Amino acid sequence: MKLKTILSALVTFLGLSLLFVLLLDKVIMPKVVRKGDEAVVPSVIGLPKEEALSLIEKNGLRAYFKGEKPSEFPKGAVAEQDPEPGMVVKKGFRIVLILSSGPPEEDSSSQYFQP
511 MKLKTILSAL VTFLGLSLLF VLLLDKVIMP KVVRKGDEAV VPSVIGLPKE EALSLIEKNG
571 LRAYFKGEKP SEFPKGAVAE QDPEPGMVVK KGFRIVLILS SGPPEEDSSS QYFQP
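Here it is in structure tokens:
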């Protein structure tokens, strides 16, 4: 008898949990996620830092600078961005930018081993 009561309570709990998850997934979250204005992520790759920052803020987004890496762009220009240009995001979304530290230095030893 006690086992039957425990099993019944467990089935009821699992059923209610499943119902809650479905309600959250299909009704509540879509309303929360769709709330707010959207913006298209501009392309700022190759732009100087200040110009990129201005363009991002003009579109209602926020910039986050995450270091530097060598690239073909001049030092201080944007080498990479995430998310990619053209993506639709919520206003206020953070755009991660990596600045260029200038062109990569050539390894002088590699010139002797090229085919």
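If you count by this note's numbering, then the sequence shown holds residues 511 to 625, one letter each, in order.
Just so it is clear, CB atoms sit at the ideal spot from N, CA and C, and this is done for glycine as well.
Quick caveat, the model's predicted, so the values are computed rather than measured.
If you check the beta carbons only, do residue i and residue j fall under 7 Å apart?
| i | j | result |
| --- | --- | --- |
| Lys600 | Gly525 | no |
| Ile555 | Val588 | yes |
| Ile608 | Glu590 | yes |
| Pro558 | Pro580 | no |
Could you check how far apart the C-beta atoms of residue i and residue j are, in whole angstroms? I think they sit under 8 Å.
| i | j | result |
| --- | --- | --- |
| Lys585 | Gly602 | Going by Cβ atoms, the distance from Lys585 to Gly602 rounds to 30 Å, so no, they are not a contact pair. |
| Val543 | Gly596 | Wrong, their Cβ atoms sit about 20 Å apart, outside the cutoff. |
Per DSSP, what kind of secondary structure is residue i in: helix, strand or coil?
| i | result |
| --- | --- |
| Glu616 | coil |
| Asp547 | coil |
| Phe523 | helix |
| Phe530 | helix |
| Leu595 | One detail in the question is off: residue 595 reads as Pro in this sequence, not Leu. In the structure shown, Pro595 sits in coil (DSSP, three-state: anything other than H, G, I, E or B). |
Leaving out five residues before and five after residue i in sequence, what residues of the same chain have Cβ atoms less than 6 Å from its Cβ?
| i | result |
| --- | --- |
| Leu552 | Looking at the sequence provided, one finds Pro at residue 552 rather than Leu. Excluding sequence neighbours, Pro552 sits near Leu565 and Asn569. |
| Gly562 | Here residue 562 is Ala; the residue named in the question, Gly, does not match the sequence. The answer, listed in chain order, is Val554 and Val588. |
If we define contact as Cβ-Cβ less than 7 Å, is residue i a contact residue for chain C?
| i | result |
| --- | --- |
| Pro580 | You won't find chain C in this structure, because it holds only one protein chain. |
So, at 8 Å on beta carbons, what are the nonlocal neighbours of residue i in its own chain, with the 5 sequence-adjacent residues on each side left out?
| i | result |
| --- | --- |
| Val598 | Glu548, Ala549, Val550 and Val551 |
Checklist entry - At a cut of 8 Å, does the region 572-584 reach the region 526-534 through at least three beta carbon pairs? => result no
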